[in-house]
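Below is one structure, written out as structure tokens, with a few remarks after it.
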Amino acid sequence: MELHSSPERVDIGRAIGHDFYCRSRTVAREAWPPPVREGFVAARAGRPARPLPDRYERKWLQLRLSAFERGRVINDDVSPALLRLIDVDRCPVTRQLLTHGELKDSDWSVDRLNNEGAYAANNLAVISTKANQAKGVLGYEAVYERSRRASATDGLSPVEWLRLAALMLGPCFASRPADAPTIPLAAPIPNRSLRPIVQQVQHVFTLGARQQAGKNLLFKRFKAASPNPTSLLRLNQFCEEMHQGMKGLQDCHDAWLRPGVLEAFEAWRSSMDTTHWALAGEISRQILRSRVVSAARIESWQLASRGYQT
548 MELHSSPERV DIGRAIGHDF YCRSRTVARE AWPPPVREGF VAARAGRPAR
598 PLPDRYERKW LQLRLSAFER GRVINDDVSP ALLRLIDVDR CPVTRQLLTH
648 GELKDSDWSV DRLNNEGAYA ANNLAVISTK ANQAKGVLGY EAVYERSRRA
698 SATDGLSPVE WLRLAALMLG PCFASRPADA PTIPLAAPIP NRSLRPIVQQ
748 VQHVFTLGAR QQAGKNLLFK RFKAASPNPT SLLRLNQFCE EMHQGMKGLQ
798 DCHDAWLRPG VLEAFEAWRS SMDTTHWALA GEISRQILRS RVVSAARIES
848 WQLASRGYQT
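556 is the number that the working numbering gives to position 9 of the sequence shown; each next residue is one higher, with no gaps.
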């Protein structure tokens, strides 16, 4: 059976072609798969109005076409509205200002953080073309290994590889979040991206510990997750390390790279049993008002088939 010949695949292709006509000003291309061309021609016959698309709609159409041509799954929760939600001004990996459609390595691109998963709401980030091309087909372990090297690899410095590893951590451990390692939260986690408990907790302290009042409030909120005097002492030490580590920084995520911060965090975490660590995660979720990602949503990533249509 050819890649695009199953009834379900044909319907998907026709829907993409339909949307290319109705939601863009593009013309049909010979290189498109037949179902995409069929959908485009059918929509054209109806002669609907064709509004000028914004860059989110253009990117959405491009993602769907690219995924279809490669047999990749792109979930229904990927939409222009989602791309707008996860968009950023600067690449979280290189921190360069992003450009749009200029054919530069600073151009924005939408990356599947877990290359083994589908295009899905909790598996996407906006990063620069430079960072995306350097990542390529690499998995988390290979990316993190590059962050441990003494010099740049494929155009990214070790700290840039570490930022990329931080972005990838949650999605790459989506099916086994308890196994996610503790690494510095060196980059902001994208909106809607999957976060394991360890990053959820790190994220709360990154956002809240810069100011003295915020640091004190975090200590009060997380006292319930610290089951004994030793744990409370380590929580206090971590709060202070985090607060001091943020002084003088433009980007608060760089605090995790300062000596003592990650070590203090790990010491506090080691003072908790499984139940209290889960409580710390729940406290973080409540503070952030974040949603729990269901097992069914992770199943929709088609990890068993490496994100390919089955």
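Every residue, glycine too, gets a C-beta built ideally from N, C-alpha and C.
Taking the C-alpha atoms as reference points, what is the distance between M548 and I621?
-> With a pLDDT of 40 at M548, under the threshold of 50, the predicted position of this residue should be treated as unreliable, and no value is reported.
Return helix, strand or coil for A672, following the three-state DSSP convention.
-> In the structure shown, A672 sits in a strand (DSSP, three-state: E or B).
Within the chosen definition, does the segment 719-738 reach the segment 756-772 through at least 3 CB pairs nearer than 8 Å?
-> Too few Cβ pairs lie closer than 8 Å, so no.
Give the secondary structure of S656 by DSSP, where H, G and I count as helix, E and B as strand, and everything else as coil.
-> Collapsing the DSSP output to three states places S656 in a strand.
Considering only C-alpha positions, which residue in the set I834, S553, W655 is nearest to D636?
-> Considering only alpha carbons, the answer is W655.
If you count every other CB in all the chains shown that lies within 10 Å of the CB of G717, and 16 or more means buried, which is it?
-> Classification of G717: buried, given that the 10 Å Cβ count is 16 or more.
Reference Q791, options L782, V808, P776, S778, closest by Cα | Here the closest residue by C-alpha is V808.
Length of the line joining the Cα atoms of Q680 and V751 = The C-alpha of V751 is placed about 31 Å away from the C-alpha of Q680.
Just checking my contact of S740 with A672 at CB under 8 Å: how many whole Å lie between their CB atoms?
-> Sure, about 6 Å apart at Cβ, within 8 Å.
Report all residues from its chain with a CB closer than 6 Å to the CB of P737; omit the five preceding and five following residues, and keep chain order.
-> Cβ-Cβ distances below 6 Å link P737 to I633, A672 in the same chain, with the five nearest sequence neighbours on each side left out; the list follows chain order.
With a CB to CB cut of under 6 Å and the five nearest residues on each side skipped, what residues in its chain are close to L658?
-> The sequence shown places Asp at residue 658, rather than the Leu named in the question. Same-chain partners within the cutoff: A672, I674, N679.
Runs of beta strand (DSSP E) lying entirely within the segment 657-724, each at least 3 residues, in chain order = 671-675, all fully within the segment 657-724.
Do you know how far the Cα of R594 is from the Cα of Y714?
-> In the sequence under discussion, the amino acid at residue 714 is Leu, which differs from the Tyr named in the question. One C-alpha to the other measures close to 43 Å.
If you count every other CB in all the chains shown that lies within 10 Å of the CB of D601, and 16 or more means buried, which is it?
-> Label assigned to D601: exposed.
Helix or strand or just coil, what does DSSP make of T646?
-> Strand.
Rounded C-alpha distance that separates L732 from L610 | Taking the straight line from one Cα to the other gives about 28 Å.
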